[in-house]
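A short write-up of the structure that comes next.
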Amino acid sequence: MHKDCERIMLTEDQLRARVKEVALQVDEIYKDKRPLVVGILKGSIIFYSDFIRFLTMHVELDFMAVSSYGSGAVSSGKLNIKKDLDRDVAGRDVIIVEDIIDSGFTLANLKALLTERGAASVMIVTLLNKKDRREYDIAPDYNCFDIENEFVVGYGLDYNEQYRSLPYIGILKRSVYEK
Ligand code: IMP
Ligand code: MG
Numbered sequence: 001m002h003k004d005c006e007r008i009m010l011t012e013d014q015l016r017a018r019v020k021e022v023a024l025q026v027d028e029i030y031k032d033k034r035p036l037v038v039g040i041l042k043g044s045i046i047f048y049s050d051f052i053r054f055l056t057m058h059v060e061l062d063f064m065a066v067s068s069y070g071s072g073a074v075s076s077g078k079l080n081i082k083k084d085l086d087r088d089v090a091g092r093d094v095i096i097v098e099d100i101i102d103s104g105f106t107l108a109n110l111k112a113l114l115t116e117r118g119a120a121s122v123m124i125v126t127l128l129n130k131k132d133r134r135e136y137d138i139a140p141d142y143n144c145f146d147i148e149n150e151f152v153v154g155y156g157l158d159y160n161e162q163y164r165s166l167p168y169i170g171i172l173k174r175s176v177y178e179k
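At position 65 of the sequence shown the residue is numbered 65 (the numbering used here), and the sequence of numbers has no breaks.
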């Protein structure tokens with residue numbers, strides 16, 4: 001385990017098994033369709049690549065990079081699009097793949113944006129859900145794990161762009177971000 005982690009919350013085996021389970025459920029729903037699978041950079045990359053490998057339907061891949069201005073407490077905050085989609089979503093079934101839903105700001109805004117652009121449907125698939133932190137009225141359609149309010153890293157998730165390549169989800173030691 002990395003020295004900056006307090007403990008491992010989800011092991012590689014737990015992640016693989018649950019991601020497969022969720023991917024197969026999603027696959028069943030879209031089996032006759034050709035959804036656009038949108039990964040939210042960068043946190044979702046490892047989850048995204050594991051998730052799509054369990055799908056048997058025809059998928060098209062696309063990515064967005066976003067950041068939020070200001071704190072989640074400001075409901076008038078705006079989503080900053082750092083990289084937009086290559087594809088037009090009008091009339092498309094879209095599956096958003098995100099690493100974690102915290103306040104819900106990012107996904108609430110993204111879903112509204114893609115709906116406004118004319119997507120036929122927008123489904124949200126998340127790896128992690130911090131339910132107790134929700135401030136916006138949004139819930140994932142599919143979520144792999146509900147977690148407590150702890151700051152986690154690994155399997156794509158970072159703290160200051162570090163720890164993304166850890167193969168497990170670990171709880172970051174408080175001393176790392178409180179110093
Ligand atoms: P929201 O917009 O408040 O739902 O925040 C979602 C974003 O916050 C995620 O895409 C992550 O980038 C980041 N985030 C929230 N909690 C964590 C965490 O525990 N570890 C790493 N990133 C996190
Ligand atoms: Mg993110």
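Backbone N, C-alpha and C fix where the C-beta goes; we use that ideal spot for every residue, glycine too.
Distance, residue j Cα to residue i Cα
i      : j      : result
LEU110 : LEU127 : 17 Å
SER68  : PHE105 : 8 Å
SER175 : VAL66  : 28 Å
GLY39  : ASP132 : 24 Å
PHE151 : LYS3   : 15 Å
ALA139 : ILE124 : 8 Å
TYR168 : PHE145 : 13 Å
VAL94  : GLU12  : 28 Å
ILE171 : VAL122 : 31 Å
MET57  : LEU10  : 28 Å
LEU114 : VAL37  : 12 Å
Where the alpha helix (DSSP H) through residue i begins and ends
i      : result
LYS111 : 105-116
ILE52  : 45-52
ALA65  : Not the alpha helix (DSSP H): ALA65 falls in the beta strand (DSSP E), residues 60-68.
SER121 : Premise fails: SER121 lies in the beta strand (DSSP E), 121-129, not in any alpha helix (DSSP H).
Residue i classed as buried or exposed, judged by whether at least 16 other C-beta atoms fall within 10 angstroms
i      : result
LYS130 : buried
TYR177 : exposed
ALA120 : exposed
MET1   : exposed
SER103 : buried
ALA73  : Confidence in ALA73 is poor, its pLDDT being 42 and thus under 50, which makes the residue's placement unreliable; the coordinate value appears in the next sentence. The residue is exposed, with fewer than 16 neighbouring Cβ atoms inside 10 Å.
ASP137 : exposed
GLY118 : exposed
ASN143 : buried
GLU60  : exposed
Expected contact under 8 Å - CB spacing of residue i and residue j to nearest Å
i      : j     : result
ASP50  : MET64 : Not confirmed; about 19 Å, so no contact.
PHE54  : ASP27 : 7 Å
LEU107 : ILE96 : 7 Å
Delimiting residues of the beta strand (DSSP E) encompassing residue i
i      : result
TYR142 : 142-146
GLU205 : The structure shown has nothing for residue 205, since the chain only spans 1 to 179.
VAL38  : 36-41
The ligand SAM heavy atom lying under 7 Å from the CB of residue i
i      : result
VAL153 : Summarising the ligand content, the structure contains the ligand IMP and the ligand MG and does not contain the ligand SAM.
**Study point:** the stretch 88-95 in contact with the stretch 12-25 per 3-pair CB rule at 8 Å
**Key:** no
Point to revise | Stretch pair the stretch 44-51 + the stretch 143-162: three plus CB contacts closer than 8 Å | key: yes
Check your understanding: With contact counted as at least three CB pairs below 8 Å, one residue from each stretch, are the stretch 26-35 and the stretch 5-18 in contact?
Key -> no
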